[in-house]
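Only one structure is covered here, and it is reproduced in the block below.
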Ligand SMILES: Nc1ncnc2c1ncn2[C@@H]1O[C@H](COP(=O)(O)OP(=O)(O)O)[C@@H](O)[C@H]1O
Ligand SMILES: [Mg+2]
């Protein structure tokens, strides 16, 4: 696997590419406290977007409202042209299965093998008890899970238990599990906050490479401003319930980004 950055591959611009995520006038309050105040955001297919903002500014709320893991109070979410605002049941599950979610903590099942954990990623698109253990899975599913592990550079660890992996490796398995969903979008909520700096760089590099090589749309939140500049095409800053900053990462410095924390 080539983890080297290739900044020569151009990022899609909003005017020319189809939109993958459209967030329109999203509002969300907890009790009397408004968190998102009519927020708008459009992300074209294949773009890598970093979401920054102080603790409590609503980054996680925004990611979860976009998948309706949290219900917004009002507003609309359109994913690859499909308005998901009012979907329910199987149709909502199907729309959600196109979004691979990666969290700060990998949430893998420790007593199972790496391969079994990756297989679980397919459960959203085809619920089947055979996916719980790799020994019960079909050959095709196992092959696909192996392919997902290859894409994160961990095929050689397929038979290991998750407890035998480092933090960075575990997070890469979580990414392989997300890939098993066959997503078009990857959302990552502070995916490297629990990792050491070296592992954090590797994981961010992997996200960025996947976004480029597979045209996956990437939306991640982070407190590492260097990561926002280095591994995103665009940086969006959340403050006071709306987007206060929205710039191409090539045209902004870490020092300028610090302004969003004032
Ligand atoms: N389930 C909840 N109930 C009440 N308040 C919440 C809940 N979830 C988040 N909040 C509050 O909403 C605000 C935004 O939280 P969050 O989206 O997690 O911010 P961030 O991810 O930017 O740190 C915070 O003040 C948090 O305390
Ligand atoms: Mg958060």
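In the working numbering, the protein residues as written are 15 to 276.
Glycine is no exception: its CB is placed at the ideal position from the N, C-alpha and C atoms.
Residue 129 holds the alpha-carbon nearest to the alpha-carbon of residue 158 among 174, 129 and 115. When the five nearest sequence neighbours on each side are left out, the beta carbons in the same chain lying within less than 6 angstroms of the beta carbon of residue 173 are those of 127, in order along the chain. Ligand 2 has a heavy atom closer than 7 angstroms to the beta-carbon of residue 74.
Closest in alpha carbon position to residue 82, among 255, 201 and 59, is 201. Beta-bridge pairing by DSSP links residue 175 to 127.
By the Cβ criterion, the region 184–195 is not in contact with the region 58–78, since fewer than three pairs of Cβ atoms, one from each stretch, lie closer than 8 angstroms. Its chain contains 182, 185, 186, 205, 206 and 209 as the residues whose beta carbon lies nearer than 7 angstroms to that of residue 217, once the 5 sequence neighbours on both sides are disregarded; these appear in chain order.
A distance of 8 angstroms or more separates the beta carbons of residue 137 and residue 131. In the DSSP assignment, residue 182 falls outside any beta strand (DSSP E) and within the unbroken alpha helix (DSSP H) covering 181–193. With a cutoff of 7 angstroms, residue 69 counts as near ligand 1, since its C-beta is closer than that to a heavy atom of the ligand. Per the coordinates, the alpha-carbon of residue 203 lies some 8 angstroms from the alpha-carbon of residue 77. Using a 10 angstroms sphere on the CB of residue 44, the tally of other CB atoms stays under 16, which defines it as exposed. Listed in chain order, the alpha helix (DSSP H) runs fully inside the region 28–85 are 73–81, counting runs of at least 4 residues. Contact annotation: residue 134 and residue 150 have beta-carbon atoms that are not nearer than 8 angstroms.
Around the beta carbon of residue 236, a 10 Å sphere encloses 16 or more other beta carbons of the protein chains shown; the residue is thus reported as buried.
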